[in-house]
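Some notes on the structure that comes next.
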Amino acid sequence: VTIETDEDLTLVAPGLCSTAPGAGAGRQRVTCVAGPIREFAVTAAGFSKVSASIRLAGGDVAIESYATPGRMHGATLAARMASDALLAYERRFGAYPYRILKVFESPTTVGGMEYSMLAGVTDNLYDAPEAPYFEWIVAHEVAHQWWYGLVGSDPVNEPWLDEGLTNYAITFYFEDVHGSAYALATRNSDYYGRYTAALKNYPDQPAGLPTGQYPPGAYGPFVYGKAPIFFDTVRRAAGDEAFLRWLRLYAARNRFGIARAADLLAAADETGVGSAARAAWQAWVAAR
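Set out below in structure tokens:
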């Protein structure tokens, strides 16, 4: 993809991007080349960049972290967090499919937003990047590179399938970076605590509903809070080795495809955790 724009803008887009003079004074052409991706997203601003590199199974991966002036401390922290997240997730779920990941300050108002090779973090969070929520968002959006990016799903009719698994994936990042006690405390707060709090305001809702079927305000606690409990229940019943074997098969079978709940459960059957997964699915996810 080639984009022509003002030369004082920095573009953040998927793939390896190169810059050349544009058609006139003060203009530039940015050409980006990417592999299989789900969409082409671009953000343009007066960004500066922090760069890092890590070694993953397929070779070196470049980490590029973008923010506007005055927010570069957040960019530095985001680069480190994204690196740690890639290491944690590749270890559990299989290879990261690209050679670059870009984290950037985003105008989104929803905390963060994922795109292929890109992890956007809401701009005002860079004003307090030491806050736990900043780290949570970075870890969450990087996990989407597997659950949405590598394995696609229907975000309207089965939002739990990527958001629930992405939110559960964060616990592996916390285990590696902060230790098992911190990860357990975060899991109890983010999943069980959030779900329990929601029951004070809403009738219990299945985690597997389409987005439009939740009462106003209920989508977040039931999809982001209750759905991860499904995965935690299976992990506790099956043990880490079988649990991760299940998710790796699910990722491999649906690589760059579109998965449904039936595909997740079929992978569970094939890896010996089917009975635990199906019982947990009925308890936490299935619409009644």
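By the numbering used here, the letter at position 257 of the sequence shown is numbered 239, and the numbering carries on one by one without gaps.
We put the CB at the ideal spot given by N, CA and C, even for glycine.
These numbers were taken from a predicted model, which means no experiment stands behind them.
Where residue i sits in the DSSP three-state scheme
i: residue 65; result: helix
i: residue 241; result: coil
i: residue 33; result: strand
i: residue 81; result: coil
i: residue -5; result: coil
i: residue 10; result: strand
i: residue 15; result: strand
i: residue 122; result: helix
i: residue 219; result: helix
i: residue 108; result: helix
i: residue 20; result: coil
i: residue 91; result: coil
i: residue 73; result: helix
i: residue 58; result: helix
i: residue 195; result: helix
i: residue 114; result: helix
i: residue 50; result: coil
i: residue 253; result: coil
i: residue 205; result: helix
i: residue 248; result: helix
i: residue 183; result: coil
i: residue 167; result: helix
The beta strand (DSSP E) enclosing residue i, as first and last residue numbers
i: residue 0; result: -2 to 3
i: residue -16; result: -16 to -12
Candidates the options, of which the one nearest residue i by Cα
i: residue 139; options: -10, 195, 231 and 149; result: 195
i: residue 75; options: 236, 226, 255 and -13; result: 226
i: residue 110; options: 58, 10, 191 and 132; result: 58
i: residue 224; options: 52, 238, 256 and 141; result: 256
i: residue 31; options: 20, 13 and 50; result: 50
i: residue 100; options: 204, 171, 121 and 211; result: 121
i: residue 222; options: 209, 151 and 268; result: 151
i: residue 250; options: 228, 114 and 242; result: 228
i: residue 204; options: 217, 248 and 145; result: 145
i: residue 242; options: 163, 211, 217 and 136; result: 136
i: residue 232; options: 4, 147 and 93; result: 147
i: residue 66; options: 220, 36, 230 and 94; result: 36
i: residue 18; options: 216, 98, 11 and 88; result: 98
i: residue 206; options: -14, 107 and 169; result: 169
i: residue 262; options: 12, 4, 245 and 216; result: 216
i: residue 8; options: 20, -14, 21 and 15; result: -14
i: residue 70; options: 127, 267 and 200; result: 127
i: residue 91; options: 210, 159 and 119; result: 119
i: residue 104; options: 143, 142, 149 and 56; result: 56
i: residue 6; options: 15, -12, 20 and 173; result: -12
Beta bridge counterpart(s) of residue i as assigned by DSSP
i: residue 45; result: 34 and 83
i: residue 100; result: 84 and 97
i: residue 26; result: -7
First through last residue of the alpha helix (DSSP H) which encompasses residue i
i: residue 131; result: Counting along the chain, residue 131 falls outside any alpha helix (DSSP H), and DSSP gives it neither H nor E.
i: residue 146; result: 141 to 160
i: residue 292; result: What the structure shows of the chain is the stretch from -17 to 270, and residue 292 is not part of that stretch, so it cannot be assessed.
i: residue 187; result: Premise fails: residue 187 is in no alpha helix (DSSP H) and is neither H nor E.
i: residue 222; result: 222 to 235
i: residue 260; result: 256 to 266
Chain C within 8 Å of residue i, Cβ atoms only
i: residue 52; result: Absent from the structure is chain C; it holds one protein chain and no more.
Q: Would you be able to state if there are at least three C-beta pairs under 8 Å between the stretch 149 to 168 and the stretch 179 to 195?
A: Cβ pair count under 8 Å is below three, so no.
Q. Does the stretch -11 to 6 come close enough to the stretch 59 to 67 to have 3 or more Cβ pairs within less than 8 Å?
A. In short, these stretches do not touch, since the Cβ pair count stays below three.
(Q) Below 8 Å, how does it come out for the stretch -12 to -4 and the stretch 25 to 32: are there three or more Cβ pairs, yes or no? (A) The stretch -12 to -4 vs the stretch 25 to 32: in contact.
Q: Check whether the stretch 39 to 46 touches the stretch 70 to 84, counting contact only when three or more Cβ pairs, one atom from each stretch, lie closer than 8 Å.
A: Output reads yes: the stretch 70 to 84 touches the stretch 39 to 46.
**Q.** At least three beta-carbon pairs within less than 8 Å, the stretch 114 to 132 to the stretch 226 to 245
**A.** Contact between the stretch 114 to 132 and the stretch 226 to 245 is present: three or more C-beta pairs spanning the two stretches fall below 8 Å.
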